[in-house]
Amino acid sequence: MDKDTNWKIARNEGVVRAFLKGWDERDVDACMAQVTDDMCYLNQPLEAIRGKAKVRHMIASIFAPARRVEFKLLNVFGHGNKVITERIDQWDWNGSGTWQMELKVCGMFELTEDGKIQEWREYYDNEYWTTHGGPSLTL
Amino acid sequence: MTHDEIVERNVFKVKLFIDAWEAIDPDVAMACLSDDIVYINQPLAPVVGQRDVRKIVAGIMQLTHKVRWELRSCFGRGNTVVTERLDCWDFDGRGFGLKLPCIGMFDLDEAGKICGWRDYFDNRMWFENGGPTLHLD
């Protein structure tokens with residue numbers, strides 16, 4: 001791989017890490033700073049959520065009931081304009097200091113040339129999400 | 140081998156494994172896996188070792204009329220390869236009744252065999268559309 005390609009992949013990985021850090025801090029502004037206006041957020045196999053305003057609304061409504069969040073990153077690596085993240089998303093919904101949810105999940109990100117997240121596709125077991133305190137993932 | 144050569148070898152092995160699924164050939168599929176293979180369909184319990192993983196793999200294949208894993212992404216870093224897929228299953232000879240969006244993460248050992256396989260997908264979608272059991276009873 002040439003130098004330019006390596007640089008872009010490293011940058012993209014940094015953007016994705018910053019986006020996920022926004023989740024740890026439940027900071028929707030920090031998240032949205034990393035995405036395009038026409039961003040698509042897809043929780044497989046649910047309906048896609050398109051556009052910055054709608055994605056912001058969705059993310060904010062997931063943050064609302066959460067007391068603490070920590071995404072454990074098992075793998076983060078890019079190729080071309082894509083970055084894969086394999087994670088354990090840990091959620092504390094009741095403030096007890098324990099994780100009521102430890103969601104095993106993979107997220108595939110696609111980024112634009114200028115390093116913004118344009119598409120985010122999440123793969124995980126939806127029943128696990130809903131039976132461990134996860135709020136609605138549709139608008 | 141350089142890092143890029145290792146990644147290339149690993150990606151090749153994972154694609155060989157996928158070809159074996161499409162050929163519904165458990166012997167070729169199992170030959171891609173190490174003796175200590177750990178197979179996890181998240182969030183189900185891991186299935187460990189050639190003997191038990193073969194039971195699951197052969198069990199699924201036995202009920203499969205036709206299968207095609209459409210690769211949307213496939214790339215690696217270090218010992219790990221990601222596959223983002225649409226797994227199209229025909230369990231009854233009447234066409235692909237199940238099209239399952241899925242990500243599979245593969246870890247490969249030094250010999251270039253798959254020693255870790257973690258699939259992420261919606262389990263209800265699998266089971267409600269004819270998908271057979273994914274754990275040993």
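Respectively, the protein sequence lines represent chains V and Y.
Anchor point for the first sequence: position 7 equals 7 in the working numbering, and the numbering is continuous, going up by one each time.
Anchor point for the second sequence: position 89 equals 228 in the working numbering, and the numbering is continuous, going up by one each time.
The C-beta atom is built at its ideal place from N, Cα and C for all residues, glycine as well.
N-terminal and C-terminal residue of the beta strand (DSSP E) that residue i is part of
i	result
Y:ASN180	172-180
Y:ILE253	253-259
V:MET58	From DSSP, V:MET58 is part of no beta strand (DSSP E) but of the alpha helix (DSSP H) over 52-63.
V:LYS82	82-92
V:ILE117	117-123
V:GLY107	101-111
Proximity of residue i and residue j at Cβ, strictly below 7 Å
i	j	result
Y:MET244	V:PRO45	no
V:GLY78	V:ASN6	no
V:GLN100	V:GLY51	no
Y:THR222	Y:ILE163	no
Y:ASN218	Y:LEU247	yes
Y:TRP208	Y:ASP226	yes
Y:ASP261	V:ASN126	yes
Y:VAL177	Y:GLY255	yes
V:VAL69	V:ASP29	no
Buried versus exposed, by CB contacts within 10 Å (16 or more), residue i
i	result
V:PHE109	buried
Y:PHE151	exposed
Y:LEU239	buried
Y:VAL187	exposed
Y:GLY270	buried
V:SER136	exposed
Y:ASN180	buried
V:ALA53	exposed
V:GLU96	The question names Glu, but residue 96 of chain V is Ser in the sequence shown. Exposed: under 16 other Cβ atoms inside 10 Å.
Y:LEU172	buried
Y:GLY232	exposed
V:LEU111	buried
Proximity test, Cβ basis, 7 Å: residue i and chain Y
i	result
V:TYR123	yes
V:MET108	yes
V:GLU127	yes
V:LYS202	Limits of chain V in this structure are 1 at one end and 139 at the other, which puts residue 202 of chain V out of reach.
V:PRO65	no
First and last residue of the uninterrupted alpha helix (DSSP H) at residue i
i	result
Y:MET264	262-267
Y:MET140	Here Y:MET140 belongs to no alpha helix (DSSP H), and DSSP marks it neither H nor E.
V:ARG67	V:ARG67 -> no alpha helix (DSSP H), and no H or E assigned at all.
V:GLU127	126-131
Chain V contact for residue i (CB, 7 Å cutoff)
i	result
Y:TYR178	no
Y:ALA272	The residue asked about is misnamed: residue 272 of chain Y is Thr in this sequence, not Ala. So, not an interface residue.
Y:GLN189	no
Y:MET264	yes
**Request:** Could you tell me which uninterrupted beta strand (DSSP E) segments, each at least 3 residues in length, are contained entirely in the region 190-236 of chain Y, listed from first to last along the chain?
**Result:** With a minimum length of 3 residues, the continuous beta strand (DSSP E) runs that stay inside the region 190-236 of chain Y are 205-216, 219-229.
**Request:** Residues of the region 76-91 of chain V with a CB closer than 7 Å to any CB of chain A: list them in chain order, please.
**Result:** Absent here is chain A; the protein component of the structure consists of chains V and Y.
**Prompt:** If you scan the region 24-49 of chain V from start to end, which runs of the beta strand (DSSP E) of 3 or more residues do you find wholly inside it?
**Reply:** The qualifying runs are 35-43.
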